[in-house]
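**Q** Okay, so the sequence shown: first residue is 423 according to my numbering, each after it adds one. All C-beta atoms, glycine included, are put in the ideal place defined by N, C-alpha and C. Supplied in C-alpha cells, the structure appears directly below.
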Amino acid sequence: EFLKHFVESILMSRSVVVFMESHKSHLAPEVLQIASDEQIHKVTYPPYLTHLLQPLDVGVLQPLK
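Set out below in C-alpha cells:
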C-alpha cells in the first residue's frame with residue numbers, strides 16, 4: 423500500500439531510489455513489480471537495524487528532502 427501511495431504522490435519524471443528494511447513484505451512480488459514498472463530502485467538493509475541507521479536520515483537524506 424505504501425508504494426502505491428508513494429507512486430501516486432510524487433512526480434515520476436525520472437528514476438527514484440527508495441531505502442527500506444528488507445522485511446519480507448517489502449520483497450513481495452507485487453511490490454517488486456510496482457517498483458520495476460515505475461523505475462523505483464530499492465536499496466534494502468537488514469531488518470531491525472533502523473535504529474542504527476537513523477543518522478542516515480539526518481546526515482545524508484535530509485538535504486534530499
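On a CA-only basis, which of Leu433, Leu486, Thr466 and Ser437 is nearest Lys446? Give me that one, please.
**A** Closest by alpha carbon: Thr466.
**Q** Can at least three beta-carbon pairs, one atom from the region 471-479 and one from the region 446-456, be found at a separation below 8 Å?
**A** Contact annotation: the region 471-479 does not touch the region 446-456, with fewer than three C-beta pairs closer than 8 Å.
**Q** Which of the three DSSP states is assigned to Ile456 in this structure?
**A** Look at Ile456 here: in three-state DSSP terms it is helix.
**Q** Need the endpoints of the beta strand (DSSP E) that His463 sits in, please.
**A** Looking at the DSSP string, the run of the beta strand (DSSP E) that includes His463 is Ile462 to Tyr467.
**Q** Please look up how many angstroms separate the CB atoms of Gln461 and Val439, rounded, as I've assumed it's under 8 Å.
**A** Distance from Gln461 to Val439 at the Cβ level is roughly 10 Å; contact not present, criterion being Cβ atoms closer than 8 Å.
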